[in-house]
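Colleague: Next up is a structure, given as structure tokens.
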Amino acid sequence: MLPQASDYAARVDALFLAVTGVCVAFGVPVMVLLATFCIRFRRGRRVNRRGVTRHTLPWEITWTAVPTLIAIGMFVRAAGLYASLTRPPEDALEIAVTCKQWMWKFQHPTGPREIDALHVPAGRAVRLTMTSEDVIHSLYVPALRIKQDVLPGRYTELWFRATRPGSYALRCAEYCGVAHSRMDGIVVVLPPEGYAQWLRAGGAGPDSTLAARGAVLFRRFGCSGCHRDDGRGAGPSLLGVAGHDVPLAGGRFVRADDGYLRDAILLPARDVVAGYAPVMPSFAGQIGEDELFVLLAYLHALGRAAAPDAAPPATLGPGASGAAAGTP
Amino acid sequence: MTTAALERPQPSYLAAGDTLRSWLLTTDHKRIAWLYLVTITLFFAIGGAAATLIRLELLTPQGDLVSDETYNKLFTLHGVIMVWFFLIPSVPAVLGNFLVPLMIGARDLAFPRLNLLSWYIFILGGAFTLWAMVSGGVDTGWTFYTPFSTMFSNTHVVLTAVGVFVTGFSSILTGLNFIVTLHTLRAPGMTWMRLPLFLWSLYATSLVMVLATPVLAITLVLIAVERIARVGIFDPALGGDPLLFQHLFWFYSHPAVYIMILPGMGVTSEIVAAFSRRRVFGYGFVAVASLAIALLGFLVWGHHMFVAGESFYANLVFSFLSFMVAIPSAVKVFNWTATLYKGSIALDTPMLYALAFIALFTIGGLTGLYLASLPVDVHVTDTYFVVAHFHTIMVGGMVTAYLGGLHYWWPKMTGRRYPETWGRVAAVTLFLGFALTFFPQFALGYLGMPRRYHVYPPEFQVLNVLSSAGASILAIGYALPLVYLIASLRGGPTAGPNPWGARGLEWTVPSPPPPGNFATIPRVTEEAYAYTDADRE
């Protein structure tokens, strides 16, 4: 049988069994009645066939209403479980996933990068933020009962909390071209101490975290020239921005999540921050998807550097400057 | 029903000419039905050949029979041909064309020449598609997902899309013809609530054809525009949205699923009534259920996209509506079952097919509940579970119903009987072959084997071998009717006007019917399936 590598997997299986129960409860009586009637009322058998009712309404109401109620019950139960799949905990381990024909790339926040394999600690929530460099793929881990399409040009998310250490298959589930069936990998669930050990062996360290590497990119791409921490550049300071609401020109507010930050870098003219001119050039074609994740990790570090309800970025004092760089 | 008096025997529509010209320029709906029958049988053979190669390849986990590229082209060919060139036209264009005028007491469809044009459009689109797919091949899958299809595939995507685009007009025109015919050409006394249920289901089908097919046409045009002119519509690298394609595609293709299954439900209603000698239980509910399915079918396209990146709330809505679309289908199953009660049941070949349809459609429908349940769908979508689910509906349901209908009306179409024993053997073979082919695939999907996999992990081999073994039995089940039905054309015993003792206007005319169907237009004085207690004794 298929292993259950998480508590969620066990709950999906329980739901699967419940649906099976409903199917049996409806399907078996139908099959039995079909067979019984075919035998009992077979042409040539002497059996009472008189008194065929034309008064079908009570039957119709019954077999419309009962399945409807059961279907609503199934919907509610399924939706409840699904809700837990769409709400990752705040403290989840953030893994950046980039895929392309026909490989999976994973970046851990503390630095290690791996291809076609993902090492995660048991018992801890892991959140995957994913994007594709070419066509649509789909990350599928049967043992965890989870799957999410990975699209080019935007981020999709998936989270899980593996509970049972082991090695589990990872497959691409969305047809993606010639070697689709070979686009596989493994998810290795390690005990927490094993994961820490694996990280050390993989080169994790304060200088190699995504955020630290992002700080380097932030300067190399010239971002730091305009997005000065003191707010006196051509663009807004990015302290306290990521993960918080940002006022836009026109009075709207937008949550500066990964999707918004991504668009702000690649399509900067789309949603300009209030009080700034749309002067930023697009970095589309210059920053790869992997680097974008690295840069985002740094922006998130900046985002954590100031209180959520801080004054608008343009008036932020220089005091918070530099506090965030390098912290994972 | 009032029988049309037949003073002198007229030559049948088959005797009205035997030159090629008499067939290719005919506007007789019955002859056009034959044009479709021959054409879609050829397409079925081509699609089936592709399926055979796929099942052979999947006997082993390694890709040892064909290359990755060839495998991908094979399943694309199989899907495109079977969906657009067999399933969609099957019952409507063959049985519908033959029966709509006969069942309502008309001499032909409302637009006979348009009907012939539909067939020419169909073979034009079909030949074009086939040429594109055989000369170079297409490797996008029948779903043409972007941006793979628009910017990454190096195969004949645009040519294939043009072929499918053209063929769509054939669907639209056939649907239009049926709608107008059913509104305007019903014989005196043939009220809507006296229509045979086959016609209610075709009416619902026609509405979907006319309303949904243009969306497919638009979508295919947009693909061509992006591929040729590089206008950003679906590819994010050009500023497009890949999910937009999926919304447009499934807005057509989900209703298209009902184009493929509703006519099969109609056929089943006719056969169950005829071989039980009973009026279909809850006639009005079965009729309305067809319309309900057609309507709800337009509102559930999002359930193909639960893991595609739709919002949580969109998924909730589509999940709920998907549960609801199961209700009218369930109502039909209950009514068919109840029709058997106190019937006079003859297990002749068409009835065996109809019973197989009910059983397999029930299984196919119930497995849809797993896919409507969001967390289960997340696990099994894009796996063999989904492959098994839709083949149970499409092959177990629709193809079975089509063959059932063909056997039921074959004496009417040809004036000949086929050997009953062989018919029963074929029906049972088909059912067993089907079960062995597709039931293991449900298990494969649950165990995590994605669809469209050329090579697969070795632990899936046993179930794949079972499935391939079943496919070879299924192939025999399909080949048998081809042989004995064709043989019956020459040597079969004559059928007479009503070999099954069935009600319905089509059984009041000679078999095969004369070119104009009715010597005088009948006047209908009773409801459909007016079987009496005496009929059942």
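Just so you know, the protein sequences line up as chains A and B, in that order.
According to this note's numbering, the residues represented by the first sequence are 22 to 349, in order.
According to this note's numbering, the residues represented by the second sequence are 872 to 1408, in order.
Ideal placement from N, C-alpha and C gives every residue a C-beta, glycine not left out.
The structure presented is a predicted model; accordingly, all values stated were derived computationally and were not measured.
1. What first and last residue would you give for the beta strand (DSSP E) that runs through residue 193 of chain A?
2. Please name the residue in B:1382, B:1284, B:1329 whose C-alpha comes closest to that of residue 908 of chain B.
3. With which residues is residue 63 of chain A paired in a DSSP beta bridge?
4. Measuring alpha carbon to alpha carbon, tell me which residue in A:162, A:307, A:324 is nearest residue 206 of chain A.
5. For residue 28 of chain A, count the other beta carbons within 10 Å of its own beta carbon; 16 or more makes it buried, fewer makes it exposed. Which is it?
6. Between the beta-carbon of residue 160 of chain A and the beta-carbon of residue 181 of chain A, is there less than 8 Å?
7. Taking any Cβ of chain B, which residues in the segment 193–214 of chain A have a Cβ under 9 Å from it, in chain order?
8. Please give me, in chain order, every unbroken run of the alpha helix (DSSP H) with length at least 4 that falls completely inside the segment 1117–1201 of chain B.
9. Please state if the CB of residue 1323 of chain B and the CB of residue 189 of chain A are separated by a distance shorter than 8 Å.
10. Going by DSSP, name the residue or residues bridged to residue 129 of chain A.
11. Kindly indicate which three-state DSSP category residue 942 of chain B falls into: helix, strand or coil?
12. Can you give the Cα-Cα distance for residue 1216 of chain B and residue 1003 of chain B, rounded to whole angstroms?
13. Thinking C-alpha only, which one of A:149, A:133, A:91, A:134 is nearest residue 107 of chain A?
14. Within 10 angstroms of the Cβ of residue 1195 of chain B, are there 16 or more other Cβ atoms? Answer buried if so, exposed if not.
15. Assuming residue 210 of chain A and residue 143 of chain A form a contact by the criterion Cβ under 8 Å, report the distance between their Cβ atoms to the nearest whole angstrom.
16. Residue 232 of chain A to residue 1162 of chain B, Cα distance in whole Å?
17. State yes or no: is the C-beta of residue 1153 of chain B within less than 8 Å of the C-beta of residue 1254 of chain B?
18. Does DSSP put residue 304 of chain A in a helix, in a strand, or in coil?
19. Whole-angstrom Cβ separation of residue 1149 of chain B and residue 1076 of chain B, contact assumed at under 8 Å?
20. What would DSSP say about residue 265 of chain A, mapped onto helix, strand or coil?
21. From A:79, A:104, A:134, pick the residue whose C-alpha is nearest to that of residue 1184 of chain B; which is it?
22. Quick check: the segment 1355–1372 of chain B against the segment 931–945 of chain B, are there 3 or more CB pairs under 8 Å?
23. Can you tell me whether residue 205 of chain A is helix, strand or coil according to DSSP?
24. Pairs of beta-carbons, one from the segment 1048–1065 of chain B and one from the segment 978–994 of chain B, closer than 8 Å: are there three or more?
25. For the segment 313–329 of chain A, which residues have a CB atom closer than 8 Å to at least one CB atom of chain B, in sequence order?
26. How close, in whole Å, do the beta carbons of residue 949 of chain B and residue 925 of chain B come, if the pair is a contact with beta carbons under 8 Å?
27. Enumerate in chain order the residues of its own chain whose CB-to-CB distance from residue 239 of chain A is below 6 Å, with the five nearest sequence positions on each side excluded.
28. Do residue 280 of chain A and residue 24 of chain A have their beta-carbon atoms positioned less than 8 Å apart in this structure?
29. Please report the straight-line C-alpha distance between residue 1278 of chain B and residue 1291 of chain B, rounded to a whole angstrom.
30. Between residue 1107 of chain B and residue 119 of chain A, what straight-line distance do the alpha-carbon atoms span, to the nearest angstrom?
31. Which residues, taken in chain order from the segment 1177–1196 of chain B, show a beta carbon closer than 8 Å to some beta carbon of chain A?
32. With burial defined as no fewer than 16 other Cβ atoms inside 10 Å of the residue's Cβ, what is the status of residue 1025 of chain B: buried or exposed?
33. Spatial neighbours of residue 1328 of chain B within its chain, please: CB distance less than 7 Å, with the 5 preceding and 5 following residues excluded, ordered by chain position.
34. With a 10 Å radius around its C-beta and 16 neighbouring C-beta atoms as the bar for buried, classify residue 1071 of chain B as buried or exposed.
35. Taking C-beta to C-beta, are residue 1306 of chain B and residue 1271 of chain B nearer than 8 Å?
36. On the premise that residue 1080 of chain B lies in contact with residue 1043 of chain B, defined as a C-beta separation below 8 Å, what is that separation, rounded to the nearest angstrom?
Modeller: Concretely, from the data shown:
1. Walking along the first sequence from the start, residue 193 of chain A turns up at place 172. Taken as a continuous stretch (DSSP letters only), the beta strand (DSSP E) holding residue 193 of chain A covers 187–193.
2. In the second sequence, the residue the question calls residue 908 of chain B occupies position 37. Minimum Cα-Cα distance from residue 908 of chain B among the listed residues B:1382, B:1284, B:1329 corresponds to B:1284.
3. Translated into positions along the first sequence, residue 63 of chain A becomes position 42. Looking at the DSSP assignment, residue 63 of chain A forms a beta bridge with B:1216.
4. Counting from 1 along the first sequence, the entry for residue 206 of chain A is found at position 185. Of the candidates A:162, A:307, A:324, the residue whose Cα lies closest to the Cα of residue 206 of chain A is A:162.
5. Position 7 of the first sequence, counting from 1, holds the residue named residue 28 of chain A. Per the 10 Å Cβ criterion, exposed.
6. Along the first sequence, read from residue 1 onward, the residue named residue 160 of chain A stands at position 139. Along the first sequence, read from residue 1 onward, the residue named residue 181 of chain A stands at position 160. Residue 160 of chain A is not a Cβ neighbour of residue 181 of chain A, given a cutoff of 8 Å.
7. Going along the segment 193–214 of chain A in chain order, one finds 193, 194, 195, 196, 197, 198, 199, 200, 201, 202, 203, 205 with a Cβ nearer than 9 Å to chain B.
8. Fully enclosed alpha helix (DSSP H) runs of 4 or longer: 1154–1167.
9. To locate residue 189 of chain A, count along the first sequence from 1; it is residue 168. To locate residue 1323 of chain B, count along the second sequence from 1; it is residue 452. Taking C-beta atoms as the reference points, residue 189 of chain A and residue 1323 of chain B fail to come closer than 8 Å.
10. For the purposes of this step, residue 129 of chain A is taken as the residue at position 108 of the first sequence. Within the DSSP secondary-structure output, residue 129 of chain A pairs in no beta bridge.
11. Here residue 942 of chain B refers to the residue found at position 71 of the second sequence. Residue 942 of chain B falls in the helix class under three-state DSSP.
12. Within the second sequence, residue 1216 of chain B is the residue found at index 345, counting from 1. Within the second sequence, residue 1003 of chain B is the residue found at index 132, counting from 1. Whole-angstrom Cα-Cα distance: 48 Å.
13. If you number the first sequence from 1, residue 107 of chain A lands on position 86. Closest option to residue 107 of chain A, Cα to Cα, is A:149.
14. Numbered from 1 along the second sequence, position 324 holds the residue referred to as residue 1195 of chain B. The C-beta of residue 1195 of chain B has 16 or more other C-beta atoms within 10 Å across all chains shown, which makes the residue buried.
15. Position 189 of the first sequence, counted from the start, is the residue given in the question as residue 210 of chain A. Position 122 of the first sequence, counted from the start, is the residue given in the question as residue 143 of chain A. That belief holds up - the Cβ atoms of residue 210 of chain A and residue 143 of chain A are roughly 5 Å apart, short of 8 Å.
16. By one-based count along the first sequence, residue 232 of chain A stands at place 211. By one-based count along the second sequence, residue 1162 of chain B stands at place 291. If I take the Cα positions, the gap works out to 58 Å.
17. Counted from its first residue, the second sequence places residue 1153 of chain B at position 282. Counted from its first residue, the second sequence places residue 1254 of chain B at position 383. In this structure, residue 1153 of chain B sits away from residue 1254 of chain B, with a CB-CB distance that is not shorter than 8 Å.
18. Mapped onto the first sequence, residue 304 of chain A falls at position 283. Coil, per DSSP.
19. Residue numbering aside, residue 1149 of chain B sits at position 278 when the second sequence is read from its first letter. Residue numbering aside, residue 1076 of chain B sits at position 205 when the second sequence is read from its first letter. Actually they are not in contact, since the Cβ atoms of residue 1149 of chain B and residue 1076 of chain B sit about 25 Å apart, beyond 8 Å.
20. Translated into the one-based positions of the first sequence, residue 265 of chain A becomes position 244. DSSP, read as helix, strand or coil, puts residue 265 of chain A in coil.
21. Counted from its first residue, the second sequence places residue 1184 of chain B at position 313. Residue A:104 is the option with its Cα nearest to residue 1184 of chain B.
22. Counting Cβ pairs under 8 Å, fewer than three are found: no touch.
23. Residue numbering aside, residue 205 of chain A sits at position 184 when the first sequence is read from its first letter. Residue state, collapsed to three classes: strand.
24. Yes, the segment 1048–1065 of chain B touches the segment 978–994 of chain B.
25. Of all residues in the segment 313–329 of chain A, none comes within less than 8 Å of chain B when Cβ atoms are compared.
26. To locate residue 949 of chain B, count along the second sequence from 1; it is residue 78. To locate residue 925 of chain B, count along the second sequence from 1; it is residue 54. Yes, they are in contact, since the Cβ atoms of residue 949 of chain B and residue 925 of chain B sit about 6 Å apart, within 8 Å.
27. The residue labelled residue 239 of chain A in the question sits at position 218 within the first sequence. Residues of the same chain with a CB within less than 6 Å of the CB of residue 239 of chain A, apart from the 5 flanking positions on each side, are 245, 319 in chain order.
28. The residue given as residue 24 of chain A occupies position 3 in the first sequence. The residue given as residue 280 of chain A occupies position 259 in the first sequence. Contact flag unset, no.
29. Here the question's residue 1278 of chain B lines up with position 407 in the second sequence. Here the question's residue 1291 of chain B lines up with position 420 in the second sequence. Going from the Cα of residue 1278 of chain B to the Cα of residue 1291 of chain B covers about 10 Å.
30. Residue 1107 of chain B sits at position 236 when you count from the first residue of the second sequence. Residue 119 of chain A sits at position 98 when you count from the first residue of the first sequence. Straight-line spacing of the CA atoms in residue 1107 of chain B and residue 119 of chain A works out to 16 Å.
31. Along the segment 1177–1196 of chain B, going in chain order, the ones with a CB nearer than 8 Å to a CB of chain A are 1178, 1179, 1180, 1183, 1186, 1187, 1190, 1191, 1194, 1195.
32. Residue 1025 of chain B sits at position 154 when you count from the first residue of the second sequence. Residue 1025 of chain B should be labelled exposed.
33. Residue mapping note: residue 1328 of chain B aligns to position 457 of the second sequence, counting from 1. Contacts found: 932.
34. Counted from its first residue, the second sequence places residue 1071 of chain B at position 200. Flag for residue 1071 of chain B reads buried.
35. Here residue 1306 of chain B refers to the residue found at position 435 when the second sequence is read from its first residue. Here residue 1271 of chain B refers to the residue found at position 400 when the second sequence is read from its first residue. At a Cβ-Cβ threshold of 8 Å, residue 1306 of chain B and residue 1271 of chain B do not count as neighbours.
36. Walking along the second sequence from the start, residue 1043 of chain B turns up at place 172. Walking along the second sequence from the start, residue 1080 of chain B turns up at place 209. Confirmed, Cβ separation roughly 6 Å.
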